[in-house]
Structures are given as structure tokens and as C-alpha cells.
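Student:
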Amino acid sequence: MKKGKINVELEYRLYNSLHSSFFDLIKGNDEVQQTKGLALILASHQKVLYNFLNIPAIKDKTNFNFDKAIINSELISDTDKKKRADIVIRLYRNNIPVQAFVIEAKSINKSHSTRQVVEQINEYINNKLFSALNPFKSNVIGVVLTKYNTILPKGSNLVCFTWSDVINFLECSREINKITNDYYYYLTKIKGSMKYYEEEVLSIPTNEASNTLANEYPHIYECPNRGRYIVKSKPLYLTFRKSGGGVMEKLFGIDEIIILNPNKDLADFLNDDNYSEDVRNRIKEYCERIKLDADEEKQFFVLSPNNIINLPHKPKPQKNNSYRKYYTLASLINNTK
């Protein structure tokens, strides 16, 4: 008797993981795996590449008149001291160079010094470190890919987009082929890296002045972009713990987190059309009122004046301290004391 065809369900698991994919096999830390994986899917299908180049921050800079694309990951420089460009996209028409993109990508779950990233990508595109880029002459675009938006020098040949933009691009592209879908799942499962898995509320001890500027115009909170202050998991809300017990009275919705050095980047930021006039004016107002003298990068939390949740039961931690703490939204709203 001839056996009927059976549909067999297949699963691959690495070690003891419940879900694994090809991307888990890429050697290196999270940052290397993320960027190599992104380069691979861009070369997997022309629709995936087109969707990527249509990310708003890149689209305006892209010459779509090409019929060939070469995507490199970890392209090595020709210098004695070897440099590696995370991702290089070279576009051709009839084998004639049209345009190239050099992408410097930083880990999805870490915040980095924006000035260092900009200096690094400028070195790659301006100093002829990579002979593969020479035929493109001035048609080389530097792309900064980070967790949060980066303030770029006005008039530079640079663009910036975030890992949230990548997730949005993947959501529109994941059905094109299996490997793009696998990358989407790989990326969104990195612990604490994306909005789907991040704690919803960041609770911080603060002084009265900071609380006032969050409650009132310009609705901004800022802190250093270093050490224990770095926000590793982007929250949906921010709340302040009062001194003398840590009572929390309100949750402030976070519209954006912007990293800049007010002493060096403010002028470029105020001319950056990627940010709304309202946001630029609010950060300008904040800097004028606070008089930030320290020459260092700051994280500016742009808080929503409309998305504020009152906590009438005034929850507080069992023991107040000077550390930052993450809560789920439900735990604070449903907490009776």
C-alpha cells in the first residue's frame, strides 16, 4: 500500500533554546550579529532592499536608478591599521557606480556617544580608507544607525535612523521571505532591546526643579548620557520619586529621547528639520533656563503634555534609594499603596 504524503513540521533549536534561527549561529556579540544579519537580509531579495532604502531618513538621499547592488558586511579598509565598516551598500546602473552607503550600526540594546559615532562615520567616508568606495567619488552617504536619534552636523553628507525604524521596516518586509521573517523575530527577542520587551515605567529620584520642568512647559527632563544614567531599556513612561519616602504622584508619557551635547550640538539640533519645531523650541527653552555648563552629552526626555497619568494612591517603594528602577505600568496603576 502506497504511503500518503505527510507534512512534517520542522524546528531548529540551538542548545536549549526554545526558538532559534540562522542568526543565532553568527559569531560575535549582539552588535556584530545584528549588523551582519541586517546586511544578509538586504541581499536576500530586491524588495527587502527597496523597502530598506525607503526608510524616510534614507529615502530622500537615495538614487533609485540602479539595477545592481552589492552589500558588504564588515568591509575591511586598505590601511595598515585595519578598519571595518559595518555595512556597505554599493549601487550600480549598467555596472557604472551610482551611489554607496556606509552604515555604522551600534547595538540595539545600548546607548552610545553620538559624537564618537559621527566622527567614526566621517572618517570612513572622507578619508578614502576603502578603495571599494573610490569609484563613487562624492556619492557616498554616511548612515548612523543607533538606538536613539543622533544630532548630525548641518549640511553634512550623513543621515541617521534608529533601530525602531528598522523594526518598522521589517514589519513591512517580513512576509517577503523566510530569512527576513527570521531576522525580525531574532531582533525583537534580544532581551531589553525593543519596545515589545521593555519595562514600561522608569522611576527616578529627583529634585523639585526637575519635577517642575516636567510638569510645566517645556516638559523636559535631562540627565547625563553615561554610566548608571544610561537608559538601557526605553520606557513608555517616566515617574519621579520624591525625597523622604519615594512617593510617586504622576506618570509622564515619553514622546522621544534625544541625545546631544548642548554646548556643541544645540545649534545643529535647532536647525535639524527631522525634529518638530515644537520639540526644538522646548529643548532650547530648557537649556536657556537651566544653563547647562558641563561639556558632556545629555539624554533629553521629551515628555508628553497630554499623556499624563495621575497616581492618586501615591505608590512608593518599600525602601527609597538613589537608584533608578523599572516598573510595569500595571504594578503602579493597580498598587493601592
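Taken in order, the sequence shown gives residues 593 to 929; the numbers are from the numbering used here. Beta carbons are placed, not taken as given, at the ideal position from N, Cα and C, and that holds for glycine. For clarity, every value in this text was computed on a predicted model and none was experimentally measured.
1) Start and end of the beta strand (DSSP E) containing residue 896?
2) When we look at the beta-carbon of residue 789 and count the other beta-carbons within 10 Å, is it buried (16 or more) or exposed?
3) Buried or exposed, going by whether 16 or more other CB atoms sit within 10 Å of the CB of residue 891?
4) Ordered along the chain, which non-local residues of its own chain (more than five positions away) have a Cβ less than 6 Å from that of residue 901?
5) Curious, which full-length beta strand (DSSP E) runs of at least 3 residues does the segment 784–870 contain?
6) Excluding the 5 residues preceding and the 5 following residue 639 in the sequence, name in chain order all residues of the same chain whose CB lies nearer than 6 Å to its CB.
7) What whole-angstrom Cβ distance do residue 760 and residue 766 have, given they're in contact under 8 Å?
8) Output the residue ranges of the alpha helix (DSSP H) runs that lie fully inside the segment 670–703 and measure 4 residues or longer, sorted by chain position.
9) Any chance the segment 798–810 sits against the segment 667–677, with 3 or more Cβ pairs inside 8 Å?
10) Using CA coordinates, which residue listed in 636, 674, 727 is at the minimum distance from residue 682?
11) Should residue 920 be labelled buried (16 or more other beta-carbon atoms within 10 Å of its own) or exposed?
12) Measure the Cβ-Cβ separation of residue 627 and residue 697 and say whether it is below 7 Å.
13) May I ask you to list the residues that DSSP assigns as paired with residue 660?
14) Opposite residue 734 in the DSSP bridges: which residues?
15) Is it a yes or a no for the segment 908–922 touching the segment 792–799, going by three-plus beta-carbon pairs under 8 Å?
16) Out of 818, 763, 757, 800, which one is the CA nearest neighbour of residue 888?
17) Return the chain-ordered list of same chain residues with a C-beta closer than 6 Å to the C-beta of residue 674, the five sequence neighbours on each side being excluded.
18) Which stretch, first to last residue, makes up the alpha helix (DSSP H) that contains residue 778?
19) Going by alpha carbons, who is nearest to residue 569 out of 910, 853, 871, 867?
20) Answer with buried or exposed for residue 753, where buried requires no fewer than 16 other C-beta atoms within 10 angstroms of its C-beta.
21) Does the distance from the C-beta atom of residue 816 to that of residue 877 stay below 7 Å?
22) What's the call for residue 904, buried or exposed, on a 16-neighbour Cβ count within 10 Å?
23) Given this structure, state the Cα-to-Cα distance separating residue 714 from residue 618, to the nearest angstrom.
24) Which value, in whole angstroms, describes the spacing of the CA atoms of residue 708 and residue 866?
25) When burial is assigned at 16 or more other CB atoms within 10 Å of the CB, is residue 600 buried or exposed?
Tutor: Per the coordinate set shown:
1) Your numbering for residue 896 matches position 304 in the sequence shown. In this chain, the beta strand (DSSP E) harbouring residue 896 covers 890–902.
2) In the sequence shown, residue 789 corresponds to position 197, counting from 1. Note on residue 789: pLDDT 36, under 50, position unreliable in the model; no value is reported.
3) For this step, residue 891 is matched to residue 299 along the sequence shown. Only buried fits residue 891, as 16 or more other CB atoms lie within 10 angstroms of its CB.
4) By one-based count along the sequence shown, residue 901 stands at place 309. Short of 6 Å from the beta carbon of residue 901, and not among the five residues preceding or following it, lie these beta carbons of its own chain, in chain order: 843.
5) Counting only runs of 3 or more, we get 793–797, 812–816, 829–833, 842–852.
6) Walking along the sequence shown from the start, residue 639 turns up at place 47. Non-local C-beta neighbours of residue 639 in its own chain, meaning closer than 6 Å and more than five positions away in sequence, comprise 768, ordered along the chain.
7) Locating residue 760 in the sequence shown gives position 168, where the first residue counts as 1. Locating residue 766 in the sequence shown gives position 174, where the first residue counts as 1. That belief does not hold up - the Cβ atoms of residue 760 and residue 766 are roughly 11 Å apart, past 8 Å.
8) Taking only runs of at least 4 residues, no alpha helix (DSSP H) segment lies wholly in the segment 670–703.
9) Contact fails: fewer than three Cβ-Cβ distances are below 8 Å.
10) The count along the sequence shown starts at 1 and reaches residue 682 at position 90. Among 636, 674, 727, the Cα nearest to that of residue 682 belongs to 727.
11) The residue given as residue 920 occupies position 328 in the sequence shown. Exposed, by the Cβ-count rule.
12) To locate residue 627, count along the sequence shown from 1; it is residue 35. To locate residue 697, count along the sequence shown from 1; it is residue 105. Their beta carbons are under 7 Å apart, which means residue 627 touches residue 697 by this criterion.
13) By 1-based counting over the sequence shown, the position of residue 660 is 68. Paired residues: 684.
14) On the sequence shown, position 142 is the one that residue 734 refers to. 694, 750.
15) Using a Cβ-Cβ distance cut-off of 8 Å, the segment 908–922 and the segment 792–799 are in contact, since at least three pairs of beta carbons, one from each stretch, lie closer than that value.
16) Start at 1 with the first residue of the sequence shown, and residue 888 comes out as number 296. Considering only alpha carbons, the answer is 818.
17) Locating residue 674 in the sequence shown gives position 82, counting from the first residue. Apart from sequence neighbours up to five positions away, the residues of its chain that approach residue 674 with a beta-carbon distance below 6 Å are 668, ordered along the chain.
18) Working through the sequence shown from its first residue, we reach residue 778 at position 186. For residue 778, the enclosing alpha helix (DSSP H) covers residues 770–780.
19) In this structure the chain extends from 593 to 929, so residue 569 is not present and cannot be described.
20) Within the sequence shown, the letter at position 161 stands for residue 753. By the neighbour-count rule (16 or more Cβ atoms within 10 Å), residue 753 is buried.
21) The residue you call residue 816 lines up with position 224 of the sequence shown. The residue you call residue 877 lines up with position 285 of the sequence shown. Contact: no.
22) Sequence index remark: in the sequence shown, residue 904 carries index 312 (1-based). Counting of Cβ neighbours within 10 angstroms places residue 904 among the exposed residues, the total staying below 16.
23) By one-based count along the sequence shown, residue 714 stands at place 122. By one-based count along the sequence shown, residue 618 stands at place 26. Between the alpha carbons of residue 714 and residue 618 lies a distance of about 28 Å.
24) Here residue 708 refers to the residue found at position 116 when the sequence shown is read from its first residue. Here residue 866 refers to the residue found at position 274 when the sequence shown is read from its first residue. Approximately 21 Å, taken between the alpha carbons.
25) Taking the sequence shown and counting its residues from 1, the one referred to as residue 600 is at position 8. Here residue 600 is exposed: its Cβ has fewer than 16 other Cβ atoms, across all protein chains shown, within 10 Å.
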